[in-house]
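**Q** Pasting a structure here, questions to come.
The following block contains the structure:
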């Protein structure tokens, strides 16, 4: 692996699953779209109940 002087920024967001600094947009996988609301509820439950 060589080390160069370039870098790559990655942003995970709402509009697209991943957006890179080069302008590449990657859609969210279908399974993620299907379970997104359940993940939100479970995340909230964990936040409130596990300390």
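Residue numbers (my numbering): 4 to 54.
Glycine is no exception: its CB is placed at the ideal position from the N, C-alpha and C atoms.
None of these values were measured; they are calculated from a predicted model.
1) Please report the distance separating the alpha-carbon of residue 22 from that of residue 48.
2) Checking contacts by CB at 8 Å: is residue 32 closer than that to chain D?
3) In chain order, what residues of the same chain lie with their CB nearer than 6 Å to the CB of residue 35, ignoring the 5 residues before and after it?
4) Output the distance between the C-alpha atoms of residue 53 and residue 27, rounded to the nearest integer angstrom.
5) Counting only the same chain and skipping the five closest in sequence on each side, list residues whose C-beta sits under 8 Å from that of residue 32.
**A** Looking at the coordinates:
1) Stepping through the chain shown from its first residue, residue 22 is reached at position 19. Stepping through the chain shown from its first residue, residue 48 is reached at position 45. Roughly 29 Å separates the two Cα atoms.
2) The displayed structure is made up of one protein chain only, and chain D is not part of it.
3) Taking the chain shown and counting its residues from 1, one reaches residue 35 at position 32. Excluding five sequence positions before and after residue 35, none of the CB atoms of its chain fall closer than 6 Å to its own CB.
4) The residue you call residue 53 lines up with position 50 of the chain shown. The residue you call residue 27 lines up with position 24 of the chain shown. For residue 53 and residue 27, the distance between alpha carbons rounds to 37 Å.
5) Here the question's residue 32 lines up with position 29 in the chain shown. So the list reads 20, once near-sequence residues are dropped.
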